[in-house]
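Letter 239 of the sequence shown, counting from 1, is numbered 651 in this note's numbering, and no numbers are missing.
Using N, Cα and C, we set each Cβ at its ideal position, and we do this for glycine too.
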Amino acid sequence: MNPKQKIGIDFKNEGTGNELTSEEILKLATQAENQGFDCIWLNEDIGKDSVALFGAISIVTKSIGLGTAILNVYSRSALQIAMAIATLDELSQGRARLGLSIGHHPWNDLGHGIPLEAPLARLREYVTFIRKALSGERFTHDGRFFSGVNTRLGFRPPRPDLPIYIGATRLRMVALAGEIADGLITNVVTPYYISNFQVERLREAAKKAGRGADNLELTAIVTCCPAENRQTALADARSAFMQRFRTNPARMVETQHPDFREELLALKDLVDRGELERAQQEASEQLVTSLIAVGSGNDLLKAVNRYFTAGCTRIALAAYPRDKKSIERLLMALGTMPKDSLSS
């Protein structure tokens, strides 16, 4: 594996059942570090507060990275995010990574009661504001969402250049990542979409903005169903696939390989008629495994390699189901394997 290519673990915390306790997350974090994973990633929807959890994780670990994937720019102010991530970076002695994005239905509207308005403009302003705050110097800010600001953080942030990533799927937001961020975090997309669309748009936007594209990070969150029995893994993968597909079928059609278009449209028709179980069973193995990694450690490594080949620099593995047993199985399946068996 290319030394720049790293494998991390994403402890999904979606508030949808089978949730880990905070104590379980701390134990899994130390296990991930001991088994050589590069970074722990946490999302934040309506479940546990990811920054609070990372504060505790920073105390029980020593070297593993701590990355938000993502913090929602609608549910926290820009200064609040800067305060939180700078505090975490201090606690962890420089291990924090900040992933920002806009959230989605149902978390924004039904959870926070906040409409998803002007997402690109809001995300751009947050990155600009947070970079000013992380400088440690007094700064002013007059923007669309925050105005009349004249302040500084009340302590010196350890790293003014703390990496800031943008979480995105569609290409306008991918371009924003290339223009102003240190990289892209992408989720629920195939290597095909990354290599044929996201990589090009990310690099083009960076060059257009006069920035070097070679140092940009591209992190893919890859859902994994680990099991020695492939049929068991496939059953879990079909469930994971349908959970994603039914929330946004149009996005799946847009980002999948054209060869799957007719199948996806047929599945959408079943979902629209309320036949979710039938749709889940009729989804082909080829379609499901184009998006979800399934099987033994070797199978999972092959899937990871496809993402690296597509242009990713980092992979965050997310176990499905989201329970403790599945995460432990994933940690054991890949943590004990030689990661240099991957090719660049």
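Task: Helix, strand or coil at A508 [DSSP, three-state] - done: strand
Task: Among L713, R642, V600, nearest to M659 - alpha-carbon criterion - done: Strictly speaking, residue 659 in this sequence is Thr, with Met absent from that position. Comparing Cα-Cα distances from T659 to each of L713, R642, V600, the minimum goes to V600.
TODO: Quick one: residues in its chain with C-beta nearer than 8 Å to the C-beta of A621, no 5 flanking neighbours on either side, listed in chain order?
DONE: G590, E591, I592
- [ ] Helix, strand or coil for S755, going by three-state DSSP, please let me know.
- [x] Confidence is the limiting factor: at S755 the pLDDT is only 41, short of 50, which leaves the residue's position unreliable, though a coordinate-based value still follows. It is coil, neither helix nor strand.
- [ ] Check the Cβ-Cβ distances between V463 and every residue of chain D, and say whether any is below 9 Å.
- [x] The chain labelled as chain D is not found in the depicted structure, where only one protein chain is given.
TODO: Output yes or no for whether 9 Å exceeds the beta carbon distance between A468 and L565.
DONE: no
Open item on the list: Rounded to the nearest angstrom, what separates G511 and P733 at their Cα positions?
Closed with: 23 Å
Task: Neighbourhood of A764 by C-beta, 6 Å cutoff - its chain only, sequence neighbours within 5 removed - done: Look at the range of the chain in this structure, 413 to 756, and you will see that residue 764 is not part of it.
TODO: Can you give me the start and stop residues for the alpha helix (DSSP H) that I597 sits inside?
DONE: Here I597 belongs to no alpha helix (DSSP H); instead the beta strand (DSSP E) covers 595 to 599.
Task: L703: first and last residue of the uninterrupted alpha helix (DSSP H) it sits in - done: That run of the alpha helix (DSSP H) goes 697 to 703.
Task: Counted within 10 angstroms of its Cβ, other Cβ atoms place F567 as buried (16 or more) or exposed - done: exposed
- [ ] Please report the residue range of the beta strand (DSSP E) in which I452 lies.
- [x] Counting along the chain, the beta strand (DSSP E) containing I452 begins and ends at 451 to 454.
- [ ] Have a look at D684 and Q693 and give me their C-alpha separation to the nearest angstrom.
- [x] 16 Å
Task: Cross-strand partners of P761 (DSSP beta bridge) - done: Given that the chain is displayed from residue 413 to residue 756, the structure contains no residue 761 and the question cannot be resolved.
Open item on the list: Nearest by alpha-carbon distance to K424: which of E629, A745, L729, M744 is it?
Closed with: L729
Task: T480, DSSP secondary structure in three states - done: strand
Task: Straight-line gap, D457 to T480 (C-alpha atoms, nearest Å) - done: Inter-residue distance for D457 and T480 is about 12 Å (C-alpha atoms, whole angstroms).
Task: Member of K460, C724, A649, L703 whose CA lies at the smallest distance from the CA of E431 - done: K460
Task: In chain order, each beta strand (DSSP E) run of at least 3 residues that lies wholly inside the region 722 to 752 - done: 726 to 731
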